[in-house]
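Student: The structure that follows is given in the form of C-alpha cells.
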Amino acid sequence: MLATTFKWFTGIWLALVSLAMFLWVPAHEGLGNVGRIVIVHVPTGWLTSVAFLFSAIYSWRYLRNGRARDDALALAAAELGLIFSILATVTGSMFAKVVWGTYWNWDPRETAIAALMLIYAAYFALRTSIEDRQRQRYLGSIYALLAFVAVPFLIFVIPRVTDDTLHPNCAILNTPNCQGIQLTENGRIIGTIEDFKVELLGIEQQADLTVATVSILSNGTNYTLKPSFNRASNKPEAIERLPETLRDVQIKRLSGEPGNQTVEIAIANTGNIGLLTEQRTLLTFFASLFGFTLLFFWLWWLRADVLDINEQLLQQGITI
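Read in order, the letters of the sequence shown are residues 1 to 320 in full-length UniProt numbering.
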C-alpha cells in the first residue's frame with residue numbers, strides 16, 4: 001500500500017512540475033523558452049552524482065558484508081546514474097543547439113560527462129563479461145569504488161578550473177565569483193575582464209532606464225555597445241551580444257546618482273544570466289529536484305527488487 005501511494009504521489013508530483021514548467025514559469029529574458037530546460041537539466045545532472053555515490057556506498061557494503069542485496073542496490077544505482085547522465089546530456093545538448101548553434105562542441109563539461117558515461121559503461125561491460133556471479137559482484141564492487149573517485153573531479157572540479165568554456169557557470173545563481181568590473185562615469189575609467197579591455201564612455205538617463213555606452217577591445221578590435229539597466233525593477237534591461245563571440249555584455253548593478261554613477265559591467269557566456277533568480281522558476285526548479293529525487297528512490301528500489309528476484313530464479317535454474 002505504501003509503495004503504491006509513493007508511486008502515485010511521485011507521478012502526480014512530476015506531472016504538476018511538467019505543467020508548471022510550460023504554463024507557469026515565464027520565458028527567460030535572455031534565452032526565451034529554452035531557459036525552462038534548467039528545470040530538468042540541472043536536477044538530472046545532480047542526481048547523476050547522487051546515483052553514482054549510492055553505487056559506491058553499496059559496493060563498499062558488499063565488500064564488507066558479502067550480501068547480494070547490497071550488490072543489487074549498487075548495480076541499480078549505477079544503472080540509474082547512467083540513465084540520468086544521458087538525460088542531462090540530451091537536455092544540455094538541446095540548450096546548446098539553441099544558444100550556441102551546435103548540439104556538441106567539446107565544452108569541458110560536455111567532455112567530462114562523456115568521459116564519465118564511458119567509465120560506467122565499462123563497469124557494465126566488466127560485469128557482463130564475467131559468468132561467475134560471486135566474482136562478478138566482487139570485481140564490480142571494486143570497479144564501482146574506483147570509478148566514483150573520478151565523479152567529483154569530472155563533474156565539479158575540471159569544468160571549473162578552466163576558463164575555456166561556453167558552459168554558463170553563473171547561470172544558476174549569481175555568486176561573488178560571477179561579478180563584473182565597476183566603472184565610474186566621472187573621468188576616463190578603463191578596466192579589464194578576462195581578455196577584454198572595457199572602457200565606460202558615458203551614461204545616459206532615460207526615466208528609469210540607465211543606458212551605458214561601453215567600448216570593449218577584443219582581439220584587436222573595438223566594439224561600442226549600449227547595455228541598459230532598469231532602476232525600477234533593479235534588473236538589466238538590454239543585454240548586448242559582443243560581435244563574433246558567444247559573450248553577452250550587461251549592467252549587473254548600478255549605484256550612485258545621475259552625474260556620479262557607478263556601473264558594474266559583466267561579460268558572461270551566453271545563458272549566464274542567473275536562470276533561477278526569477279521566483280516562479282526557482283520554486284519550480286526545487287519542486288523538480290524533489291520530484292526527480294523521489295523518482296530516483298522509487299526506481300532504485302524497484303530495480304533492486306527485480307535484480308533480487310532474477311537472482312532467486314537463477315539459483316533455481318530458471319532463466320528469463
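All C-beta atoms, glycine included, are put in the ideal place defined by N, C-alpha and C.
Could you tell me how far apart the beta carbons of F148 and A72 are, in whole angstroms, since I believe they sit closer than 8 angstroms?
Tutor: 18 angstroms between Cβ atoms; not a contact.
Student: Straight-line CA distance for L295 to N222?
Tutor: Their backbone Cα atoms lie some 51 angstroms apart in a straight line.
Student: So, for F84: in the same chain, excluding its five sequence neighbours on each side, which residues have a beta-carbon less than 7 angstroms away from its beta-carbon?
Tutor: Taken in chain order, the residues that qualify are T44, L47, T48, A51.
Student: Buried or exposed: I309, going by 16 or more other Cβ atoms within 10 Å of its Cβ?
Tutor: So I309 counts as exposed.
Student: Could you spell out where the alpha helix (DSSP H) holding A115 opens and where it closes?
Tutor: Where A115 is concerned, the enclosing alpha helix (DSSP H) stretches over 108-128.
Student: Using DSSP with H/G/I as helix, E/B as strand and the rest coil, what is K226?
Tutor: DSSP places K226 in coil when its eight states are reduced to three.
Student: Could you pull the DSSP bridge partners for L217 from this structure?
Tutor: Per DSSP, K197, N222.
Student: I need the DSSP call for S255, collapsed to helix, strand or coil.
Tutor: Residue state, collapsed to three classes: strand.
Student: Mapping the DSSP letters down to three states, classify N105 as helix, strand or coil.
Tutor: Looking at N105 - three-state DSSP - the assignment turns out to be coil, as it is neither helix nor strand.
Student: Could you work out which residue in L242, V214, L254 is closest to F229 when comparing CA atoms only?
Tutor: Answer by Cα proximity: L254.
Student: For A144, does the three-state DSSP call read helix, strand or coil?
Tutor: The answer is helix: DSSP assigns A144 an H, G or I state.
Student: Could you name the residues that DSSP lists as bridge partners for F315?
Tutor: Per the sequence shown, residue 315 should be read as Gln rather than Phe. Paired residues: none, contrary to the question.
Student: Do the stretch 290-307 and the stretch 12-21 make contact, defined as three or more Cβ pairs closer than 8 angstroms?
Tutor: Contact holds: three or more Cβ-Cβ distances are below 8 angstroms.
Student: Between the Cα of R61 and those of S129, G140, V40, W8, spot the shortest distance and give me the residue it belongs to.
Tutor: Comparing Cα positions, the closest option is G140.
Student: Taking the C-alpha atoms as reference points, what is the distance between T4 and L302?
Tutor: So the two alpha carbons sit approximately 12 angstroms from each other.
Student: Using DSSP with H/G/I as helix, E/B as strand and the rest coil, what is V90?
Tutor: If DSSP states are grouped into helix, strand and coil, V90 belongs with the helices.
Student: By a C-beta neighbour count over all protein chains shown, 10 Å radius and 16 as the cutoff for buried, is L173 buried or exposed?
Tutor: Because the pLDDT of L173 is 43, which lies under 50, any placement of that residue in the model is unreliable, and the question is left without a value.
Student: What is the rounded straight-line gap between the Cα of A212 and the Cα of L282?
Tutor: Near 30 angstroms, if we compare the C-alpha coordinates of L282 and A212.
Student: Count the other CB atoms, across all protein chains shown, that sit within 10 Å of the CB of Q206; report buried if there are 16 or more and exposed otherwise.
Tutor: Exposed.
Student: Report yes if the CB atom of V25 is closer than 8 angstroms to the CB atom of T91, and no otherwise.
Tutor: No. Outside cutoff.
Student: What are the boundary residues of the alpha helix (DSSP H) that W60 is part of?
Tutor: Where W60 is concerned, the enclosing alpha helix (DSSP H) stretches over 38-65.
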